[in-house]
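Enquirer:
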Amino acid sequence: MSIRNKSFTNIEQLSDEDIKTIFHRAEVFKKLHAEKKSFKKAFSLSADQDLNALLVFIEPSTRTRISFEMACNNLGIHPILFSDVNSSSIAKGESLDETFRTLKSLNPSVIILRYKGSHFKFDDSIPVVNGGFGSYEHPTQALIDVFTVKMAQKKLKNQNILILGDVLHSRVGNSNLKLFTKLGAKVAFCSPSSLFPKDDLWKNVHCFKDINKGLKWADVVMCLRIQQERHDMSIGLSLAEYRDQYHLGVDQLNLLKETAIILHPGPCTFGVEMSIDVFKDKRSFIIEQVTNGVFIRSAVLSLVLDFKWTFD
Numbered sequence: 003m004s005i006r007n008k009s010f011t012n013i014e015q016l017s018d019e020d021i022k023t024i025f026h027r028a029e030v031f032k033k034l035h036a037e038k039k040s041f042k043k044a045f046s047l048s049a050d051q052d053l054n055a056l057l058v059f060i061e062p063s064t065r066t067r068i069s070f071e072m073a074c075n076n077l078g079i080h081p082i083l084f085s086d087v088n089s090s091s092i093a094k095g096e097s098l099d100e101t102f103r104t105l106k107s108l109n110p111s112v113i114i115l116r117y118k119g120s121h122f123k124f125d126d127s128i129p130v131v132n133g134g135f136g137s138y139e140h141p142t143q144a145l146i147d148v149f150t151v152k153m154a155q156k157k158l159k160n161q162n163i164l165i166l167g168d169v170l171h172s173r174v175g176n177s178n179l180k181l182f183t184k185l186g187a188k189v190a191f192c193s194p195s196s197l198f199p200k201d202d203l204w205k206n207v208h209c210f211k212d213i214n215k216g217l218k219w220a221d222v223v224m225c226l227r228i229q230q231e232r233h234d235m236s237i238g239l240s241l242a243e244y245r246d247q248y249h250l251g252v253d254q255l256n257l258l259k260e261t262a263i264i265l266h267p268g269p270c271t272f273g274v275e276m277s278i279d280v281f282k283d284k285r286s287f288i289i290e291q292v293t294n295g296v297f298i299r300s301a302v303l304s305l306v307l308d309f310k311w312t313f314d
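Just so you know, the sequence shown maps onto residues 3 to 314 in this note's numbering.
1) ARG6: which of LYS118, LEU305, THR312, ALA144 sits nearest, CA to CA?
2) For the structure I just gave you, are there three or more beta carbon pairs, one from the segment 253–270 and one from the segment 106–119, closer than 8 Å?
3) Can you round the beta-carbon distance between SER69 and GLY295 to whole angstroms, since I take them to be within the 8 Å contact cut?
4) From LEU145 to ARG173, what does the alpha carbon distance come to, in whole angstroms?
5) Check each candidate in GLU96, GLY268, PHE31 and name the one with the smallest Cα separation from ASP147.
6) Under a three-way DSSP split, which group does LEU57 fall into?
7) Per DSSP, what kind of secondary structure is VAL207 in: helix, strand or coil?
8) Would you kindly report the start and end of the unbroken beta strand (DSSP E) that includes ARG116?
9) So if DSSP puts SER97 in a beta bridge, which residue, or which two residues, is it bridged to?
10) Please classify GLU61: is it buried, with 16 or more other beta-carbons within 10 angstroms of its beta-carbon, or exposed?
11) Are the CB atoms of PHE272 and ILE278 nearer to each other than 7 Å?
12) In chain order, which continuous runs of the alpha helix (DSSP H) of length 4 or greater are located wholly inside the segment 211–295?
13) Quick test of the definition: if touching needs 3 or more C-beta pairs under 8 Å, does the segment 183–196 touch the segment 204–217?
14) Please report how far the alpha carbon of LYS211 lies from the alpha carbon of GLN247, in whole angstroms.
15) By how many angstroms is the C-alpha of TYR244 removed from the C-alpha of ASN256?
16) Determine the DSSP secondary structure at SER48, reduced to helix, strand or coil.
17) Please state the DSSP three-state secondary structure of HIS26.
18) Using beta-carbon positions only, say whether PRO141 and ILE228 come within less than 7 Å of one another.
19) Look at the alpha carbon of SER4 and the alpha carbon of LEU158, and state the distance between them as a whole number of angstroms.
20) When you compare only the Cα positions, how much space is there between HIS233 and HIS26?
21) Less than 7 Å between the C-beta atoms of ALA28 and ILE289, yes or no?
22) Could you please give the first and the last residue of the uninterrupted alpha helix (DSSP H) stretch that includes ILE68?
23) Below 7 Å between beta carbons: does that hold for ARG67 and PHE59?
24) Quick one: what's got a C-beta closer than 6 Å to ALA73's C-beta in the same chain, skipping five residues either side?
25) Distance check for CYS225 and LEU250, CA to CA, integer angstroms please.
26) Whole angstroms are fine: how far does the CA of THR293 sit from the CA of LYS310?
27) If you follow the beta strand (DSSP E) that ILE165 is part of, which residue opens it and which one closes it?
28) If the criterion is Cβ atoms closer than 7 Å, does the pair ILE113 and LEU77 meet it?
Structure (structure tokens):
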């Protein structure tokens, strides 16, 4: 299985060769960016090639949307943003299904979709890239996170990955578990019992009930935001109580290995998930994650659209 010329909605679609190709291209893009060269020099593109991408963002976003827009521009793809639902036909009662069919009929080269639902029916007549579906998956973010660990620690196999926070509602957590496990890392989680994941995917994943033990074990700590907008009922504790029990602060930093790294897919609620001191710690690679987002999403789009690689 491969994502070449196909929709990319979940981690299972990635072949080993896809992952290798995406990481290699992202590294090259990072190098080209540092040298202030165009990504387009890495590909053989026809002079008359006219590509466009529809960014259908029906859920708010900063990092994902802008990094996809920048990725498109870097690849010579014209990005067209659809995000203001209130000024669209959805506000008149049109269903999301009908809106999506209408957008597909415009024949864009690729659609990048972000919305609050979960499962959606796709065919490969026009490739669709998952920009974040509800609590289901966020595969490009997982690629960014794994790539960041790979660049920082030079290895993935047998690394201890602790996912900390609102695992129940996290599409990032789901995709990270799949990808890190696929690449040989060991994944565990730590969260309040009311935020334990319920999907069978997590059934055999170790849970640290004591955050301190989890932090001492971890080579990578992935903090997750408390996603209050997805809570359909009380989670059994207040944000203040969550902070007292699961907050990553200076005291917790002292428990981490010197070689450990800290990640957060953003946006981060300082004072709840972590303190600003953690964000500024030398082991924090949160800004690096954001930077790597452009390179990974450029690599994903180049593979989905099957650009011919020519970079030596």
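Idealized CB from N, CA, C, for every residue including glycine.
As the structure is a computational prediction, the values presented were derived from the model and not from experiment.
Expert: Short version:
1) Taking the first residue of the sequence shown as position 1, residue 6 is located at position 4. Of the candidates LYS118, LEU305, THR312, ALA144, LEU305 places its Cα closest to the Cα of ARG6.
2) no
3) Position 67 of the sequence shown holds residue 69. Position 293 of the sequence shown holds residue 295. Right, the Cβ-Cβ distance comes to about 4 Å (below 8 Å), so this counts as a contact.
4) In the sequence shown, the residue the question calls residue 145 occupies position 143. In the sequence shown, the residue the question calls residue 173 occupies position 171. Distance between the alpha carbons of LEU145 and ARG173: 13 Å.
5) Translated into positions along the sequence shown, residue 147 becomes position 145. Selected option, being the one with the closest Cα: GLY268.
6) Position 55 of the sequence shown, counted from the start, is the residue given in the question as residue 57. Here LEU57 sits in strand by DSSP.
7) In the sequence shown, counting from the first residue as 1, residue 207 sits at position 205. If DSSP states are grouped into helix, strand and coil, VAL207 belongs with coil.
8) Position 114 of the sequence shown, counted from the first residue, corresponds to residue 116. Where ARG116 is concerned, the enclosing beta strand (DSSP E) stretches over 112–117.
9) For the purposes of this step, residue 97 is taken as the residue at position 95 of the sequence shown. Partner(s): none; SER97 has no beta bridge.
10) In the sequence shown, the residue the question calls residue 61 occupies position 59. Around the beta-carbon of GLU61, 16 or more other beta-carbon atoms lie within 10 Å, marking it buried.
11) Position 270 of the sequence shown, counted from the first residue, corresponds to residue 272. Position 276 of the sequence shown, counted from the first residue, corresponds to residue 278. Their beta carbons are under 7 Å apart, which means PHE272 touches ILE278 by this criterion.
12) 213–219, 241–248, 252–255, 278–282, all fully within the segment 211–295.
13) yes
14) What you label residue 211 is simply residue 209 of the sequence shown in a count that begins at 1. What you label residue 247 is simply residue 245 of the sequence shown in a count that begins at 1. If you take the alpha carbons of LYS211 and GLN247, they lie about 10 Å apart.
15) Against the sequence shown, residue 256 aligns to sequence position 254. Against the sequence shown, residue 244 aligns to sequence position 242. For ASN256 and TYR244, the distance between alpha carbons rounds to 20 Å.
16) What you label residue 48 is simply residue 46 of the sequence shown in a count that begins at 1. Low local confidence applies: a pLDDT of 49 at SER48 is under 50, so the model's placement there is unreliable, and no value is given.
17) By one-based count along the sequence shown, residue 26 stands at place 24. In the structure shown, HIS26 sits in a helix (DSSP, three-state: H, G or I).
18) In the sequence shown, residue 141 corresponds to position 139, counting from 1. In the sequence shown, residue 228 corresponds to position 226, counting from 1. The answer is no: Cβ separation not under 7 Å.
19) Position 2 of the sequence shown, counted from the start, is the residue given in the question as residue 4. Position 156 of the sequence shown, counted from the start, is the residue given in the question as residue 158. Spanning the two alpha carbons is a distance of roughly 22 Å.
20) As a working note, residue 233 is residue 231 in the sequence shown. As a working note, residue 26 is residue 24 in the sequence shown. Annotation note: pLDDT 44 at HIS233 (below 50); position unreliable, no value reported.
21) Taking the sequence shown and counting its residues from 1, the one referred to as residue 28 is at position 26. Taking the sequence shown and counting its residues from 1, the one referred to as residue 289 is at position 287. Result no, Cβ atoms of ALA28 and ILE289 do not sit closer than 7 Å.
22) Numbered from 1 along the sequence shown, position 66 holds the residue referred to as residue 68. If you look at ILE68, you'll find it in the alpha helix (DSSP H) that goes 65–77.
23) Here residue 67 is taken as the residue at index 65 of the sequence shown, counted from 1. Here residue 59 is taken as the residue at index 57 of the sequence shown, counted from 1. Remark: C-beta atoms of ARG67 and PHE59 approach each other more closely than 7 Å.
24) Mapped onto the sequence shown, residue 73 falls at position 71. Closer than 6 Å at the Cβ level, and outside the excluded window around ALA73, lie VAL296, ARG299, SER300, LEU303.
25) As a first step, residue 250 is located in the sequence shown; it is residue number 248 there, counting from the start. As a first step, residue 225 is located in the sequence shown; it is residue number 223 there, counting from the start. Rounded to whole angstroms, LEU250 to CYS225 spans 8 Å at the Cα level.
26) Taking the first residue of the sequence shown as position 1, residue 310 is located at position 308. Taking the first residue of the sequence shown as position 1, residue 293 is located at position 291. Approximately 24 Å, taken between the alpha carbons.
27) The sequence position of residue 165 within the sequence shown is 163, counting from 1. It spans 162–166 - the beta strand (DSSP E) in which ILE165 sits, taken as one unbroken run.
28) Stepping through the sequence shown from its first residue, residue 113 is reached at position 111. Stepping through the sequence shown from its first residue, residue 77 is reached at position 75. For ILE113 and LEU77, no; Cβs fall outside 7 Å.
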